[in-house]
Amino acid sequence: MNDQGQSFTTAVLPFGEEAIAEGARLIRRGLPVAVPTETVYGLAADATDGSAVARVYEAKGRPAFNPLIVHIPDLAAAEAIAEFDPLARSLARRFWPGPLTLVLPGRSDSPIASLASAGLPTVALRVPAHPAMQALLAAAGRPLAAPSANASGRISPTRAEHVLASLGGRIPLIIDAGPTVHGIESTILGVSDGHVRLLRPGPLGEAELGIALTGPGAASIVAPGQMQSHYAPAQPLRLNARTRREGEWLIGFGPIEGDATLSSSGDLVEAAATLFDRLHEAEARSPAAIAVAPVPETGLGNAINDRLRRAAAPRA
Ligand code: TXA
Ligand code: MG
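Reminder that position 99 of the sequence shown reads as 98 in numbering that gives the first Met the number 0, one-by-one numbering, no gaps.
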């Protein structure tokens with residue numbers, strides 16, 4: 000692997016037994032696979048494996064770690080990951096499988112890699128209706144983190160050809176099931192304390208969603224919301240630290256050892272995969288301050304540094 004990420008010969012296989020078996024094999028090896036959902040094509044990876052999730056950002060060339068949607072086969076699988084209150088459960092029962100994503104508090108014993116939810120205490124979950132994504136979930140046997148399968152800054156793909164044009168050579172497999180039904184990304188609702196916030200408009204409009212939101216104990220939609228705030232530790236964060244100052248917890252990288260390390264071998268995929276765990280761990284040690292060794296500004300290093308700079312920025 001180099002700074003530009005791994006290069007692949009990208010296979011395009013029609014949706015069927017062979018494509019799903021090959022897709023599941025690649026997912027289990029920690030590689031990303033493009034697969035259609037009823038909204039847009041997604042770039043799916045094992046959501047429980049931080050390195051697999053890092054390879055999704057690498058393939059997309061995303062300069063920042065936005066939290067990803069975790070896809071599961073059904074509500075029971077979702078309840079192993081997030082806390083459902085009665086309102087969230089009624090939305091899930093009414094609209095899953097389908098083009099609805101719910102942002103919910105993560106369970107303390109959630110198996111999802113911290114990178115998939117960008118270190119946030121919440122997690123975005125969706126049960127997709129598309130038979131190809133459902134077949135891949137069943138064959139892989141694990142939750143799949145999947146953003147839209149386009150390179151950063153490009154429009155979302157509704158056909159296998161769009162994925163190939165955008166990510167060809169950067170991913171090993173595209174499962175082709177023709178054009179997607181909705182063509183726009185899922186509606187995202189944040190549910191907390193009996194309130195629903197529309198975080199992203201999508202195929203399910205307020206009229207349809209409103210049906211589920213009337214009746215006893217129901218809440219109204221609170222205006223289109225801000226996207227999530229970013230995770231930042233409680234302590235001040237010092238970047239590009241080569242040595243530990245008095246009272247600091249130092250997170251190392253490569254030759255700079257520290258109290259813990261993002262990657263002792265200087266591997267950016269590993270560093271991305273461990274970033275939020277190392278920050279949460281540092282915060283839990285309650286040092287006076289946290290310092291982080293320099294991370295190179297190449298490939299995934301751009302996204303790592305973007306997130307570190309946000310975490311280091313002065314806050315209110
Ligand atoms: O239709 C879709 O939703 C497609 C298909 C593949 O399922 N996926 C998709 O993923 O659009 P992506 O990564 O392109 O968009 C995920 C959106 C981002 O806007 C992100 O900020 C939001 O979900 N999101 C994810 N986790 C969140 C969280 N914990 N809190 C708030 N927003 C979250
Ligand atoms: Mg997208």
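A virtual CB, placed ideally from N, CA and C, is assigned to each residue, including glycine. Source: prediction; values computed, not measured.
Bounding residues of the alpha helix (DSSP H) (the contiguous stretch that carries residue i)
i	result
Glu180	Here residue 180 turns out to be Val, not Glu, going by the sequence shown. First-last for Val180: undefined, no H or E at that position.
Pro127	That residue, Pro127, is in no alpha helix (DSSP H); it is neither H nor E in DSSP.
Pro85	Pro85 to Phe94
Glu78	Leu74 to Glu78
Beta-bridge pairing of residue i - partner residues as DSSP gives them
i	result
Asp45	Leu143
Ala290	Arg237 and Leu249
Ile255	Phe252
Ala53	BP columns for Ala53 are empty, so no partner.
Thr186	Leu99
Arg199	Ile187
Assigned secondary structure, residue i (DSSP; H/G/I helix, E/B strand, else coil)
i	result
Thr36	coil
Leu166	helix
Val102	strand
Ala270	helix
Ile173	strand
Ala112	coil
Pro66	coil
Ile325	Outside the shown range of the chain, which is 0 to 315, sits residue 325, and nothing can be said about it.
Asp305	helix
His194	strand
Leu12	strand
Arg28	coil
Ala58	helix
Leu208	helix
Arg277	helix
Ser6	coil
Ala316	Not covered by the structure: residue 316. The range shown for the chain is 0 to 315.
Ala81	strand
Cβ shell of residue i (< 6 angstroms), same chain only, five flanking positions each side left out
i	result
Pro171	Phe7, Leu25 and Leu30
Ala10	Leu172
Ala128	Glu37, Pro96 and Gly97
Ala265	Looking at the sequence shown, residue 265 is not Ala but Gly. Result list for Gly265: Gly253, in chain order.
Leu278	Pro232
Proximal residues to residue i (C-beta, below 7 angstroms), its chain only, five neighbours per side dropped
i	result
Phe64	Tyr56, Leu114, Ala117, Ala302 and Arg306
Ile19	Ala134, Leu135 and Ala138
Gln225	With a pLDDT of only 49 at Gln225, under the threshold of 50, the placement of this residue in the model should not be trusted, and no figure is reported.
Pro286	Gln234, Gly246, Glu247 and Trp248
Residue i and residue j closer than 7 angstroms at C-beta
i	j	result
Leu124	Ala81	yes
Ala53	Ala271	yes
Ser185	Thr100	yes
Ala159	Asp175	yes
Gly60	Ala112	no
His181	Arg309	no
Gly42	Ala145	What sits at residue 42 in the sequence shown is Leu, not Gly. In this structure, Ala145 lies closer than 7 angstroms to Leu42 by Cβ.
Pro120	Gly140	no
Ala46	Val69	yes
Ile289	Leu236	yes
Ala292	Ala148	no
Tyr40	Val126	no
Own chain partners of residue i with C-beta closer than 8 angstroms, once the 5 adjacent residues on each side are dropped
i	result
Val294	Phe252, Leu261, Leu267, Ala270, Gly300, Ile303, Asn304 and Leu307
Arg241	Ile255, Ala292 and Pro293
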